[in-house]
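Top to bottom, those sequences are chains Z and B. The opening position of the first sequence corresponds to residue 2 in this note's numbering, with each subsequent residue numbered one higher. The opening position of the second sequence corresponds to residue 2 in this note's numbering, with each subsequent residue numbered one higher. Glycine is no exception: its CB is placed at the ideal position from the N, C-alpha and C atoms. Written out below as structure tokens is the structure these notes cover.
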Amino acid sequence: MRKTSRRSPYAEGAIASLVLLILFLCAWQWGPGALAIPSFIVPPLSIVLEESLRMWQQNHLLFHTGVTTAEVLAGFLLGSLLGAIFGYLLGVSRAAEIALSPYILALQIAPKVAFAPLFILWMGFTIYPRILVAILIVFFPVMVNVLTAIRGVDADLINLVRAFKATRAQIFWKVEFPASLPSLFAGLRIGATLAVVGVTVGELVGGNSGVGFLLSFGEGQANTPMVFVAIILLTLIGGLVYFLVAAIERRVLHYMPAPVFGGL
Amino acid sequence: MMSRLEFRNLAMEFVKAGGRERLAALEDVSFAVLDGEIVSLIGPSGCGKSTLLNIAAGLALPTHGEAFVDGEPIRGPNPHIAFMLQKDLLLPWRSIAENVALGMEIRKNDPRETKRKARALLESFGLSGFEAQYPHQLSGGMRQRAALARTLAVDPSVLLLDEPFSAVDAQTRIILQQELARTLKNARKTALLITHDLIEAVILSDRVLVMSGRPGRIIDEIAIEIGDRANPIARRRDAKVAHYVARLMDRLGIGEAAEGTTRDTTRGDA
């Protein structure tokens, strides 16, 4: 016998997702005890929650979270802006691509997080080196996505508008730019998740503000719950930026047939 | 009658990618399409039909010879000509009305007039009520109609149609052919139609030109003498169609090629 489900796949998926979350939280709360894992290795959920309350009261948790969020947003915005500008520039001009691509590739291959100590030497223990690392990391996925999209625009589409006597600027604004938007947003989604990596590395290397600072502080104190709280907060900050991008994408690409990745 | 589109001794050579070898795509192509005429171009794949179309659209310059539209030499894209391809090439981020307006918008026509014209054209193609829809919401036939409306919107004197209906299903194709024939007649437009469909070439055209394999040359010209060009459905029923199609098949060597494969299959079975 075959049972047909009346619920939509979305509702079904959402319920399953919620069940998984509850299972995970339960495992986290009671798993370590059941497996005799000491709480300085994996602290149960309740201890982590208590720790976050303590940090709120004694460690200016809100301030540090605010600093990190601002750094992530600044790094993400500037990095994607630069990435998009270079992507379009290189996409429109073959000469620029040939001239600049070896250097951009070299910078791409270099591990960006390794620049963090250098930037701190230059700019001190401020927010700027962290933003700079984030900019560097966000830059490439956005640039590469835009460049590939511009190169991939259907040649017949370009010929169509050329036959209408379109100027170079018209070809760009009426065809190439809008055609690149889905790829641009795919790049921005990746960039959103990477911005928080850049900022965290910058904060870990030095300074006395930001969630990354709390993370290394907790580590120094052998305070495992504090480390857990910091990791969760960093994940939430990254998620916030990602959802912002996804929300804007849904608005801008409203003409696209179906949302990708389960509507995220 | 004056010729709208004329090719004089066109030849086109391409340099093969990487090598120094040259590839001749067209050789000494000369013909004219007269005012109000529909001429079809038929030939084997790779015979340079699309190259010819690109030259006419001003997107490519011939190696030798010259092309003229309305008596002016074609040196680049120009307002006398618009083309339509097998792919509808509708921009997915523009509504149907905005897509139809694309050419007029690029030419910086008055926005209000552009809107009005797009609306009127969509209405004449039975697309009223779909102005605000996006291309992915329409069927293939409707999208080709919108593409044709966009081509007509810039009011070209010559339309270049490159296999415009080869991507739609057979029944929709018959309907679209009918609409195209009526529209071209009513608007008194001149058209050069490239197609692989021999029947389509015969029932839509005043004349059919046959091209050879690469390098493409014009090897035959057939004047279609069946009445009422604006009604291809009626033309399709005419007994003379079979005669024209047979002649086209002979000229293209289609019969012989098929004979060869049939014989081979029989041998394989035995």
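Within a Cβ cutoff of 6 Å, which residues of the same chain sit near residue i, ignoring the five residues on either side of it in sequence?
i, result
"P74(B)", "E67"
"M13(B)", "A26, L27, T52, P63 and T64"
"I56(B)", "P63 and A68"
"I132(Z)", "E72, A75 and G76"
"L91(Z)", "A97, E98 and L148"
"G203(Z)", "A117, P130, R131 and V134"
"G84(Z)", "F140, V143 and M144"
"K113(Z)", "L137 and I138"
"G269(B)", "Reliability fails at G269(B), whose pLDDT of 40 lies under 50, so the model's placement of it is uncertain and no value is given."
"F266(Z)", "Because chain Z is modelled from 2 through 265, residue 266(Z) falls outside the range shown and cannot be assessed."
Residue i bridges to which residues according to DSSP?
i, result
"R1(B)", "Not covered by the structure: residue 1(B). The range shown for chain B is 2 to 271."
"E14(B)", "A25(B)"
"G217(B)", "L27(B)"
"D157(Z)", "Per DSSP, none; premise fails for D157(Z)."
"R9(B)", "E67(B)"
"L160(B)", "A83(B) and A192(B)"
"S4(B)", "L35(B)"
Please go through the same chain and pick out, in chain order, the residues whose beta-carbon is closer than 7 Å to the beta-carbon of residue i, but skip the five residues on each side of it.
i, result
"S96(B)", "E132, A133, Q134 and Y135"
"H137(B)", "P93"
"M105(B)", "T115, K118, A154 and V155"
"A18(B)", "none"
"P233(B)", "Q178, Q179, A182, I204 and L205"
"I175(B)", "I234"
"F229(Z)", "P44 and V49"
"A271(B)", "Confidence in A271(B) is poor, its pLDDT being 34 and thus under 50, which makes the residue's placement unreliable; the coordinate value appears in the next sentence. Excluding residues within five positions, none has a Cβ falling inside 7 Å."
"I159(Z)", "I172 and V176"
"S47(Z)", "Q30"
"G219(Z)", "M227, V228 and A231"
Whole angstroms are fine: how far does the CA of residue j sit from the CA of residue i?
i, j, result
"S221(Z)", "I151(Z)", "The question names Ser, but residue 221(Z) is Gly in the sequence shown. Approximately 48 Å between the Cα atoms of the pair."
"I86(Z)", "I191(Z)", "17 Å"
"L54(B)", "L24(B)", "18 Å"
"A154(B)", "A71(Z)", "50 Å"
"R9(B)", "I219(B)", "12 Å"
"L21(Z)", "W123(Z)", "46 Å"
"L161(Z)", "L160(B)", "13 Å"
"V242(B)", "C48(B)", "24 Å"
"Q30(Z)", "L205(Z)", "28 Å"
"R55(Z)", "H65(Z)", "14 Å"
"L195(Z)", "G44(B)", "54 Å"
"R182(B)", "A164(Z)", "Sequence check: residue 182(B) is Ala here, not Arg. C-alpha separation (whole angstroms): 23 Å."
"Q87(B)", "A147(B)", "13 Å"
"E7(B)", "G130(B)", "40 Å"
"V209(B)", "R21(B)", "36 Å"
"E52(Z)", "H61(Z)", "13 Å"
"G217(B)", "V30(B)", "8 Å"
"H255(Z)", "I249(Z)", "10 Å"
"G80(Z)", "G34(Z)", "44 Å"
"T168(Z)", "K186(B)", "32 Å"
"S210(Z)", "Q109(Z)", "28 Å"
"D89(B)", "Y11(Z)", "33 Å"
"S41(B)", "R8(Z)", "55 Å"
"I223(B)", "L193(B)", "15 Å"
"A37(Z)", "Q59(Z)", "30 Å"
"P165(B)", "A247(Z)", "38 Å"
"F15(B)", "A61(B)", "11 Å"
"T150(B)", "Y104(Z)", "Note that residue 150(B) is Ala in the sequence shown here, rather than Thr. Rounded to whole angstroms, A150(B) to Y104(Z) spans 47 Å at the Cα level."
"R236(B)", "L103(B)", "34 Å"
"T225(Z)", "G199(Z)", "23 Å"
"D36(B)", "S184(Z)", "46 Å"
"A33(B)", "H197(B)", "21 Å"
Who are the Cβ neighbours of residue i in its own chain at under 8 Å, not counting the five residues just before and after it?
i, result
"V154(Z)", "V176, E177, A180 and S181"
"T127(Z)", "G208"
"D229(B)", "A235 and R236"
Examine the ligand FAD and report whether any of its heavy atoms sits within less than 6 Å of the Cβ of residue i.
i, result
"V34(B)", "By its list of ligands, the structure shown contains no ligand whatsoever, and the ligand FAD lies outside what it can speak to."
Task: Against chain B: residues of the segment 145–162 of chain Z by CB proximity under 7 Å - done: D157, L158, N160, L161 and V162
Task: chain Z contacts made by the segment 102–125 of chain B, where a contact means CB separation under 8 Å - done: L103, G104, E106, I107 and R108
- [ ] Can you give me, in chain order, the residues of the segment 143–155 of chain B that have a beta carbon less than 7 Å from any beta carbon in chain Z?
- [x] V155
Open item on the list: Taking beta-carbon pairs under 7 Å, can you tell me which members of the segment 185–218 of chain Z lie near chain B?
Closed with: none
Open item on the list: Which residues of the segment 33–58 of chain B have a Cβ closer than 8 Å to any Cβ of chain Z? Give them in chain order.
Closed with: N55 and A58
Task: Entirely enclosed alpha helix (DSSP H) segments - the segment 168–204 of chain B, minimum 4 residues - done: 171–187
- [ ] Give, in chain order, every residue of the segment 128–141 of chain B whose Cβ lies closer than 9 Å to some Cβ of chain Z.
- [x] Y135, P136, H137 and Q138
Task: Against chain B: residues of the segment 165–177 of chain Z by CB proximity under 8 Å - done: F165, K166, A167, Q171, K175 and V176
Open item on the list: Give the list of continuous alpha helix (DSSP H) stretches no shorter than 4 residues that lie fully inside the segment 49–115 of chain Z.
Closed with: 62–93 and 95–110
Task: Runs of alpha helix (DSSP H) wholly within the segment 32–104 of chain B (minimum 4 residues, chain order) - done: 50–57
TODO: Quick one: which unbroken alpha helix (DSSP H) runs of 4-plus residues sit fully inside the segment 116–178 of chain Z? Chain order, please.
DONE: 117–124, 129–152, 156–164 and 169–172
TODO: Compile a chain-ordered list of the residues in the segment 212–223 of chain B whose CB is closer than 7 Å to at least one CB of chain Z.
DONE: none
Task: Proximal residues, the segment 86–102 of chain B versus chain Z, C-beta separation under 9 Å - done: L86, K88, L90, L92, P93, W94, R95 and S96
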